[in-house]
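Participant:
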Amino acid sequence: MRWRQVVWGIGGVAALAALVPASLPAVVRARADNPIWRGMRLAQRHGCFNCHAAPHAVELANPGSPFGTVPSYAGGNLMMYVERAAEAQEWIRDGHTRALRAKPEEWARYRSQLLQMPAFGALLDGEEIAALAAYVVAADGFVVPEAEPARTGWEIARSHCLGCHNVAGAGGLPNPASPFGYVPGLWGPDHRDLVRDTAELREWIETGSSARVAGWPLATWFWRRQRLRMPAYGDHLSASQVEALVAYVRWLGETEGGSRAAAGAAGGP
């Protein structure tokens, strides 16, 4: 009988582990959710990427517009359309800003261009508009650290980290077969669970793992199954670059992915 208990025990653990991605995502997502991640989902749901994505690095043509294209959500484009982060909400809610409408020549040119920004005020509530604006501001890099070494850390993260950890380290991008089905953020509750202190953050960056987290039940089993795995950058980044990344991740935590900094920047609400 003992061998049956062993078999059933192993099978039970495996079955429980297999159920985790199916049974916990809603609870875990609710805990780790944040406005930037929520804004990304809203952008997907409401067709924003249909125009604002830039497939093959080519923006959608927009004859008659000042720059000839619909701006993508990247590359510093937002500064050409707003003076402060709060105006991103006006674009989403009204399809334009008050400042644009107050300039007769620019307003007339905007109204004559082929593609115009839809107004989502009748479809989205204030919280949804704020979340979508938070994503747009974060994706654009409108607000980034000004002080070193966090500024350098942001530049390194753009090349090495944010493709998986999402814009502004907000997390939430899919990772099939991982414990919760998504890549965790670089700030928020998932990050606090996985990264206890600065030393452990360095360990994650340099080795792609954490000895403490690796000791959790089923951790190794999940790490073998998940499609995306944390790379080890110890042989690819210098000590000063690692410290710059650490400083940037700290900045993300202090500003909630830059959202607090964006709210206070240039007259934001």
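For the sequence shown, counting from 1, position 45 maps to 46 in my numbering; every step adds exactly one. Heads up, the beta-carbon is just placed ideally off N, CA and C, and yes, glycines get one too.
How long is the line joining the alpha carbons of Ala134 and Leu124, rounded to whole angstroms?
Facilitator: So the alpha carbons of these two residues sit roughly 15 angstroms apart.
Participant: Reducing DSSP to helix, strand and coil, say where Ala169 ends up.
Facilitator: DSSP places Ala169 in helix when its eight states are reduced to three.
Participant: Under the DSSP definition of a beta bridge, which residues are partnered with Pro175?
Facilitator: Looking at the DSSP assignment, Pro175 forms a beta bridge with Tyr183.
Participant: Ser260 to Gln45, Cα distance in whole Å?
Facilitator: When rounded, the distance between both Cα atoms is 20 angstroms.
Participant: Go ahead and label Val59 buried or exposed: buried means 16 or more other beta carbons lie within 10 angstroms of its beta carbon, across all protein chains shown.
Facilitator: With fewer than 16 other Cβ atoms within 10 Å, it is exposed.
Participant: For Tyr74, report the span of its alpha helix (DSSP H) as first-last.
Facilitator: Here Tyr74 belongs to no alpha helix (DSSP H), and DSSP marks it neither H nor E.
Participant: CA-CA distance, Leu202 and Glu244?
Facilitator: Looking at the two C-alpha atoms, the distance is approximately 10 angstroms.
Participant: Got a sec? Which residues, its chain only, sit under 6 angstroms from Met41 by beta carbon, not counting five neighbours each side?
Facilitator: Once the five neighbours on either side are set aside, the close Cβ partners of Met41 are Tyr136.
Participant: Are Leu79 and Phe143 touching if we call contact CB-CB under 7 angstroms?
Facilitator: Going by C-beta atoms, Leu79 is nearer than 7 angstroms to Phe143.
Participant: Please work out which residues of its chain come closer than 6 angstroms, Cβ to Cβ, to Val145, disregarding the five sequence neighbours upstream and downstream, and give them in chain order.
Facilitator: Contacts found: Trp155.
Participant: I need the straight-line Cα distance from Ser210 to Asp141, nearest angstrom please.
Facilitator: Roughly 30 angstroms between the two C-alpha positions.
Participant: For the alpha helix (DSSP H) containing Cys162, name the first residue and the last one.
Facilitator: Per DSSP, Cys162 belongs to no alpha helix (DSSP H) and is neither H nor E.
Participant: For Val71 versus Leu116, is the C-beta distance shorter than 7 angstroms?
Facilitator: Yes. Within cutoff.
Participant: Tell whether a beta-carbon distance below 7 angstroms holds between Gln114 and Gly170.
Facilitator: No, the pair does not count as a contact, with Cβ atoms beyond the cut-off.
Participant: Suppose you measure from the CA of Asn167 to the CA of Arg112; what does that come to, to the nearest Å?
Facilitator: Cα to Cα, Asn167 sits roughly 34 angstroms from Arg112.
Participant: Taking the alpha carbon of Ala31 as the point to measure from, which residue in Glu257, Gly173, Met81 and Val138 has its own alpha carbon closest?
Facilitator: Of the listed residues, the one whose Cα sits closest to Ala31 is Gly173.
Participant: Is Cys52 near the ligand FAD, going by C-beta to nearest heavy atom under 6 angstroms?
Facilitator: Because no ligand of any kind appears in the structure shown, any question about the ligand FAD cannot be addressed here.
Participant: In chain order, what residues of the same chain have a beta carbon less than 7 angstroms from the beta carbon of Gly96, not counting five sequence neighbours either side?
Facilitator: Taken in chain order, the residues that qualify are Gln117, Met118, Pro119 and Ala120.
Participant: Output the residue ranges of the alpha helix (DSSP H) runs that lie fully inside the segment 86-167 and measure 4 residues or longer, sorted by chain position.
Facilitator: Listed in chain order, they are 88-95, 99-102, 105-113, 127-141, 151-161 and 163-166.
Participant: Please state the DSSP three-state secondary structure of Ala33.
Facilitator: Helix, per DSSP.
Participant: What does the Cβ neighbour count give for Trp217, buried or exposed, with the cut at 16 atoms within 10 Å?
Facilitator: Label assigned to Trp217: exposed.
Participant: Among residues of its own chain, excluding the 5 on either side of Pro22, which ones have a beta-carbon nearer than 6 angstroms to its beta-carbon?
Facilitator: Confidence is the limiting factor: at Pro22 the pLDDT is only 47, short of 50, which leaves the residue's position unreliable, though a coordinate-based value still follows. Closer than 6 angstroms at Cβ, skipping near neighbours: Gly182.
Participant: Does the beta-carbon of Met81 have 16 or more other beta-carbons within 10 angstroms, so that it is buried, or is it exposed?
Facilitator: Met81 comes out exposed.
Participant: Compare the beta carbon distance of Asn35 and Gly189 with 7 angstroms and say whether it is the shorter of the two.
Facilitator: Cβ atoms of Asn35 and Gly189: closer than 7 angstroms.
Participant: Who are Pro62's beta bridge partners in DSSP?
Facilitator: Checking the sequence, you will find Ala at residue 62 rather than Pro. DSSP, once it has assigned bridges, lists Thr70 as partnering Ala62.
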